[in-house]
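Chemist:
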Amino acid sequence: LPARFDWRDKNLVTPVRNQLSCGGCWAFSIVGGIESAYAINENLLEELSVQQVIDCSYEDNGCNGGSTINALHWLNKTRVKLVRASEYEFKAQTGICHYFPSSDFGVSIRDYKAYNFSDIEEEMMTQLINLGPLAATVDAVSWQDYLGGIIQYHCSSGEANHAVLITGFDRTGDIPYWIVKNSWGSTWGIDGYVHIKIGQNVCGIADTVSAARV
Amino acid sequence: HFLTRYGRRYSPGSLEFQKREHFFQESIRRHEYLNSPVLAPYENNSAIYGINRFSDLSPEEFKAIYLQSKAVELPKYVTTSAKEAI
Chain C
-6 LPARFDWRDK NLVTPVRNQL SCGGCWAFSI VGGIESAYAI NENLLEELSV
44 QQVIDCSYED NGCNGGSTIN ALHWLNKTRV KLVRASEYEF KAQTGICHYF
94 PSSDFGVSIR DYKAYNFSDI EEEMMTQLIN LGPLAATVDA VSWQDYLGGI
144 IQYHCSSGEA NHAVLITGFD RTGDIPYWIV KNSWGSTWGI DGYVHIKIGQ
194 NVCGIADTVS AARV
Chain A
213 HFLTRYGRRY SPGSLEFQKR EHFFQESIRR HEYLNSPVLA PYENNSAIYG
263 INRFSDLSPE EFKAIYLQSK AVELPKYVTT SAKEAI
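Quick mapping for you: the protein sequence lines, in order, are chains C and A.
As numbered in the numbering used here, residues -6 to 207 make up the first sequence, in order.
As numbered in the numbering used here, residues 213 to 298 make up the second sequence, in order.
Encoded structure:
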């Protein structure tokens, strides 16, 4: 494993978005992962529609909440093609599911992996490199006040309430950390990102980890 | 400064203003707690907590809007070496 790895360095991660007052973090998280998986395969970085997942993933509750795993299950079962974000724009509220002709551009998933990596975060690093950015759920109660730095305390495991995308890790300093993309805009945290200590499953970062294959 | 920076338009003296001011003061107390070196020994690059655009929300409001991911239990990942051992 390299000391530092970040999919952003290869320009394979889309910019940080802002979920505004919509509780759709779960959709932002998996769509971010699918965007990167597609970019890794096709060398083409496209912003895909989060609103499509919010409106159409019937196993979830749109802007009132959902789960990354339910959304991946729906995408895998239906093979729905995610269209470009510009074609199905984010409205920050749940709407009616729109359908598109199958000839239109879109990205569908072929498969997905979802595991608990608690106690084996080293293995999670390998998976990040092999599969691409990883969607994860975390306890983000203390993130209301986060400004920057590496989160090591005030964060529980086993109490997930938020979904994010892990784009890399850094073990070059005293405290190794995950590089995590959030969906609260680029003015929050470290340009929209948060750093979480590797090891000890801080914030439950390793409890629910998933990645899609496109 | 907070109101200007984050584009808040509460009328001074209104009930809403008072409520938001109360949550803001609460958040300052929370930052003191979260930054306390007793609870979280300071190390290089430790997390820092302070005023941001969520500082005029109560923790309950923050939770209701932004923390809406449902938890799911997943199987433990089995490493290759563990699989070989089995």
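Glycine included, every Cβ here is placed at the ideal spot set by N, Cα and C.
Hey, would you say Y186 (chain C) sits closer than 8 Å to N175 (chain C), going by beta carbons?
Modeler: yes
Chemist: Excluding the 5 residues flanking W181 (chain C) on each side, which residues of the same chain have their C-beta closer than 7 Å to its C-beta?
Modeler: The beta carbon of W181 (chain C) sits closer than 7 Å to those of N175, all from its chain and outside the five residues before and after it, given in chain order.
Chemist: If you measure between the beta carbons of A205 (chain C) and L127 (chain C), is that distance less than 8 Å?
Modeler: no
Chemist: Indicate whether the contact test is met: 3 or more Cβ pairs, each with one atom in the segment 65 to 74 of chain C and one in the segment -2 to 18 of chain C, closer than 8 Å.
Modeler: no
Chemist: Note down, in chain order, all residues in the segment 214 to 233 of chain A with a beta-carbon under 8 Å from any beta-carbon belonging to chain C.
Modeler: none
Chemist: Can you find a CB in chain A that lies within less than 8 Å of the CB of L140 (chain C)?
Modeler: yes
Chemist: What in chain C is Cβ-close to V250 (chain A), meaning under 7 Å?
Modeler: What V250 (chain A) touches in chain C: nothing, since even the nearest Cβ is about 11 Å away.
Chemist: Which residues share a DSSP beta bridge with F(-2) (chain C)?
Modeler: Paired residues: C:F162.
Chemist: Who are I260 (chain A)'s beta bridge partners in DSSP?
Modeler: C:G141
Chemist: Who does W171 (chain C) pair with in a DSSP beta bridge?
Modeler: C:F162 and C:I189
Chemist: Report, in whole angstroms, the separation of the C-beta atoms of I172 (chain C) and D(-1) (chain C), which I expect to be a contact under 8 Å.
Modeler: 5 Å
Chemist: Can you pull the DSSP bridge partners for Y108 (chain C)?
Modeler: C:V202
Chemist: Residues of chain A with CB under 8 Å from S60 (chain C), in chain order?
Modeler: S281, K282, A283 and V284
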